[in-house]
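Here the protein sequences line up with chains A and B, keeping their order.
The opening position of the first sequence corresponds to residue 1 in the UniProt record's numbering, with each subsequent residue numbered one higher.
The opening position of the second sequence corresponds to residue 1 in the UniProt record's numbering, with each subsequent residue numbered one higher.
Structure first, then comments.
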Amino acid sequence: MSTKSLYQEVILDHNRKPRNYGTLDHANHKAVGHNPLCGDHLDITLQLEEDHIKQIAFHGESCAICKASASMMTTAVKGKTRSDAETLIQEFREMTLGELDLEGPHHLGRLTVFSGIRDLPTRVKCAILPWHTLHAALNDLTDVSTEAANDPVQNISENASDSV
Amino acid sequence: MAQNNVLAALDTSAEFDVNRIRADFPILSIDVGGNPLVYLDNAASSQMPQQVIDRLVHYQTAQHANINRAVHYLSEVATDEYEKARHKIQQFLNAREQREIIFTSGTTDSINLVMHGYGRRFIQAGDEIILTTLEHHSNIVPWQMLAKEKGAVIRVVPINDAGELDIDAYENLFNERTKFVGLIHVSNALGTINPVKQMIDYAHQHNVPVLIDGAQAAPHIPIDVQALDCDFYAFSAHKLCGPTGVGMLYGKASLLEAMQPFKGGGDMIASVTFEKTTYADIPHKFEAGTPPIAAAIGFGAAIDYLCSIGMDQIAAHETKLLHYATERIDAIKGARILGTAAEKTAVISFVLDGVHPHDIGTILSQDGIAVRTGHHCAQPVMQRYNVPATSRASFAFYNDISEVDALIEGIQNVQKIFL
């Protein structure tokens, strides 16, 4: 997929008008994610009730890919159980790394609009940052960085399986 | 239109034929996703002309052996060619002596050599090192490491809104504890050409030695280390059409002789017993192990190539590109150039309202246009302008006006997508 199809209207729309943008006052889970290579950062606040994500919001400064990814992520996981969200995190990560068979069964729906990112290795981290930050929030890891020793790109599978 | 005046001025440079020069660079004719390559990331690394590629092939095909060792034919040829490359660099910089030129792996390695060889020997607790806001991380981090080790202090020269150093503030930083100045000649992030001669003179009035990071200067403007009277000068080959993996450090012979070696090993010794090693004379004292011989010879060939065009011609052509590109980007609504110094090389850092630099870089790439996006290893500069990152178009003498036009169209396309 070329970059022409990466910057599709749905991504541009979520960049222009991000959904669930802001900070929850009564969050019981939160995390901050940052990419020191480009200075992008975002925070995620969420309210988990009886293992369901009742409310979720994100806030931060980032490129269009990261912001649209965060916006679409919040709409995708709102109302879902923690384990459903972890499944989406895992599938999204595999898709951006080119490891997911999009023809096979998955739960990503419209999120497949980001599948073109696999051809742009330098931008994968932009798309994946919100998902790592969500994973951190769900697992009470307060801080994630794309460049830290605990780089979630490498470690998310183990972390995810630990948390289920 | 002012734009036409610039174009008219370009036509007058009859001796400088950019099309003939472009033909020397095979990579400039590749296409990227169906678009011709527009390579505007020269401040990160420049491209290599056929003349340098041929030189590398000839060395590897007919001249390679290890240097400074065997008495056989090839070793003598390789040693001779390697030393000839050193001589070309000496001439290029107008250094007094050939032994004042040390081959390193690049500018970063050169600065680390000075930090270890000079800094660790001569800088003590409480001493002060002056750096500037414009420094690349490679001229910040080694000195921070030294400051931490020794208990020394780093003082920083600020810049104004145009990206020019505050020279009064620089002069006011000097006191009896000032022991070293590290100064970037040309800012990689903004293109500012610093008044290094004036700053070196002032430091010398206080008997303080000055290291110039010339990574972004040597490829673009004529350098004369004797006229500058700098104590150290560093740059890399790959930014001036040479290979990666090699660079050089110029140092005044008296300073180099007083310094301790940086790396220990073969080739840097006069004699070794387990009780005592006597070091070789400069420059070999600082060239432990087998150096990148082929790359060093390619470095020499790159300098020959630049000199065959002429550094004044190169600077003149690039200045025209800078003025034209500046004018065109300034005319784009929503675009802002960071770094508007009176003296600049052809580097344009810019931001676009409402569009993150990484999105700009990706979309320009789809049009075949290569720019750098990010903090350019100069985070203090980004902090000064309160931006996380910029997009940077950096030109070389082989770029032409049509490539500036392609960049402008590319930027307008980005704005259309994000409208």
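No residue lacks a Cβ here, since even glycine has one placed at the ideal position from N, Cα and C.
8 Å CB neighbourhood of residue i in its chain, flanking five on each side removed
i                     : result
H41 (chain A)         : V32, G33, H34, N35, G60, E61 and S62
I337 (chain B)        : T326, I329, D330, I348, S349 and F350
residue 421 (chain B) : Outside the modelled stretch of chain B, which goes from 1 to 419, sits residue 421 (chain B), for which no answer is possible.
Pick from the options that is closest to residue i, judged by C-alpha positions
i                     : options                           : result
T146 (chain A)        : A:T122, A:L88 and A:H52           : A:T122
D54 (chain B)         : B:V157, B:D24 and B:N160          : B:D24
Y250 (chain B)        : B:H220, B:Y279 and B:G214         : B:G214
I408 (chain B)        : B:L364, B:R384, B:P388 and B:F397 : B:L364
N112 (chain B)        : B:G354, B:L40, B:K263 and B:A270  : B:K263
K360 (chain B)        : B:K344, B:Y170 and B:A335         : Residue 360 (chain B) is actually Ile in this sequence, not Lys. Considering only alpha carbons, the answer is B:A335.
residue 420 (chain B) : B:Q91, B:G300, B:H323 and B:A331  : With chain B covering 1 to 419 only, the question about residue 420 (chain B) has no answer from this structure.
W143 (chain B)        : B:A396, B:V181, B:D168 and B:V157 : B:V181
G33 (chain B)         : B:E176, B:T373, B:Q366 and B:N188 : B:Q366
V371 (chain B)        : B:I21, B:F16, B:A44 and B:R22     : B:A44
A346 (chain B)        : B:S394, B:D304 and B:I309         : B:S394
V153 (chain B)        : B:A70, B:E135 and B:T178          : B:T178
G300 (chain B)        : B:Y82, B:A270 and B:R99           : B:Y82
N94 (chain B)         : B:P222, B:A85 and B:V196          : B:P222
N20 (chain A)         : A:T142, A:G39, A:D101 and A:I53   : A:I53
A70 (chain A)         : A:D84, A:K80, A:S83 and A:I89     : A:I89
A64 (chain A)         : B:C377, B:D353, B:N386 and B:T277 : B:D353
C377 (chain B)        : B:A253, B:H136 and B:I123         : B:H136
L131 (chain B)        : B:R155, B:K148 and B:K344         : B:R155
Cβ-Cβ separation, residue j to residue i (assumed contact under 8 Å), whole Å
i              : j              : result
K30 (chain A)  : A137 (chain A) : 6 Å
L306 (chain B) : I314 (chain B) : 7 Å
V186 (chain B) : H220 (chain B) : 7 Å
L46 (chain A)  : A27 (chain A)  : 6 Å
V246 (chain B) : A296 (chain B) : 5 Å
E287 (chain B) : D312 (chain B) : That pair is no contact at about 32 Å.
I67 (chain B)  : A78 (chain B)  : 5 Å
M72 (chain A)  : L102 (chain A) : Not a contact, Cβ separation roughly 16 Å.
Buried or exposed by the 16-neighbour rule on C-beta atoms within 10 Å, applied to residue i
i                     : result
C241 (chain B)        : buried
C230 (chain B)        : buried
V210 (chain B)        : buried
T192 (chain B)        : buried
S318 (chain B)        : The sequence given here places Glu at residue 318 (chain B); Ser does not occur at that position. Under this definition E318 (chain B) is a buried residue.
residue 470 (chain B) : No statement about residue 470 (chain B) is possible, as the shown extent of chain B runs from 1 to 419 and does not include it.
T61 (chain B)         : exposed
D109 (chain B)        : buried
residue 461 (chain B) : Only positions 1 to 419 of chain B appear in the structure, and residue 461 (chain B) is not among them; the question remains open.
H132 (chain A)        : buried
S138 (chain B)        : buried
E128 (chain B)        : buried
L120 (chain A)        : buried
H87 (chain B)         : exposed
V144 (chain A)        : buried
Y73 (chain B)         : exposed
G109 (chain A)        : exposed
H358 (chain B)        : buried
V77 (chain A)         : buried
S29 (chain B)         : exposed
T373 (chain B)        : buried
A234 (chain B)        : buried
N42 (chain B)         : buried
L183 (chain B)        : buried
Beta-carbon proximity list for residue i, same chain, < 6 Å, skipping 5 on both sides
i              : result
L134 (chain A) : I44
S2 (chain A)   : Annotation note: pLDDT 47 at S2 (chain A) (below 50); position unreliable, coordinate value reported separately. Here the set comprises nothing.
Q260 (chain B) : G117 and R121
V124 (chain A) : T96 and I117
Q412 (chain B) : none
K67 (chain A)  : N15 and P18
M382 (chain B) : H375
Q47 (chain B)  : F25 and I27
P291 (chain B) : F103
I21 (chain B)  : Y398
Other residues of its chain near residue i: CB distance less than 7 Å, five sequence neighbours each side excluded
i              : result
P36 (chain B)  : G368
R384 (chain B) : T133 and I159
Y202 (chain B) : E171
A302 (chain B) : V52, A237, L240, C241 and G242
H284 (chain B) : D267 and M268
Closer than 7 Å: residue i CB and nearest the ligand PLP heavy atom
i              : result
Q205 (chain B) : Absent from the structure shown: the ligand PLP. Ligands present: none.
Residues of the stretch 37-63 of chain A with a CB closer than 9 Å to any CB of chain B: list them in chain order, please. L37, C38, G39, D40, H41, E61, S62 and C63
Interface positions of the stretch 90-115 of chain A facing chain B (Cβ-Cβ less than 7 Å), listed along the chain: none
Counting only Cβ-Cβ distances shorter than 8 Å, please list the residues of the stretch 358-371 of chain B near chain A, keeping chain order. H358, D359, T362, I363, S365 and Q366
What are the residues in the stretch 387-399 of chain B lying within 7 Å of chain A by C-beta distance? P388 and A389
Output needed in chain order: residues of the stretch 20-35 of chain B with a Cβ under 9 Å from some Cβ in chain A. G33
Give me the subset of the stretch 117-136 of chain A whose CB atoms are less than 9 Å from a CB atom of chain B, sorted by chain position. L120, T122, R123 and C126
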